[in-house]
Structures are given as structure tokens and as C-alpha cells.
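Peer 1: Below you'll find the structure I mean.
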Amino acid sequence: YMVGKDKVLTFPWAKGTTIDQIWDYYQTTLYDGKPFSDWIYPGTNTPMLKAQHPEYEMFTADSTHYKAGVACA
């Protein structure tokens, strides 16, 4: 993501690569004073996130795939 007026490049795994660390990033990194979301689910107005690089998250951070030695490429 390009964050702020100066468009600083920021990755969702800036605070770490586990799902908890990525979740923490999204909850504590504010955009316009609120946690970032990619879109709002119609009807419930629930903020949602789109997996930006699921292949990265799936094959790192001590995941099952990582432990098996599988790579995304």
C-alpha cells in the first residue's frame, strides 16, 4: 500500500508474517483515522480485507506449507 501524503510503500507484513501479526498491522495502522479495509460488505457495512498476496502468507510464517518445504514458485 502507498500510505500517507508522501506515499510511503507499506506491506501488510510490516509487523511480522504470522496471521496475528498481519491482523495487528491492519488494526493498528490507521487510514483516515480508522483501520484500513479494502471494501465494505453491503447490507452489514462490515469492513473487509482482500488477501493481497495470499501466496506469500500461505508459504511463510511457519505455516504447514513452510514446514513441508513447499514454495510458491
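Residue numbering for the sequence shown follows this note's numbering, starting at 43 and increasing by one per position.
For glycine and all other residues, C-beta sits at the position ideal for the given N, C-alpha and C.
Treat the numbers as computed from the prediction; the structure is a model and nothing was measured.
Taking the alpha-carbon positions, what's the Phe78 to Thr60 distance?
Peer 2: In a straight line, the C-alpha of Phe78 is about 18 Å away from that of Thr60.
Peer 1: Under DSSP, the alpha helix (DSSP H) around Trp65 begins and ends at which residues?
Peer 2: Its alpha helix (DSSP H) spans residues Ile61 to Thr70.
Peer 1: Taking Lys57 as the reference, which of Thr102, Met90 and Tyr67 has the closest Cα?
Peer 2: Ranking the options by Cα distance to Lys57, first place goes to Tyr67.
Peer 1: Taking only the alpha-carbon atoms, compute the straight-line gap between Trp81 and Ser105 and give it to the nearest angstrom.
Peer 2: Each residue's alpha carbon lies about 27 Å from the other.
Peer 1: Which of the three DSSP states, helix, strand or coil, is assigned to Thr106?
Peer 2: Residue state, collapsed to three classes: helix.
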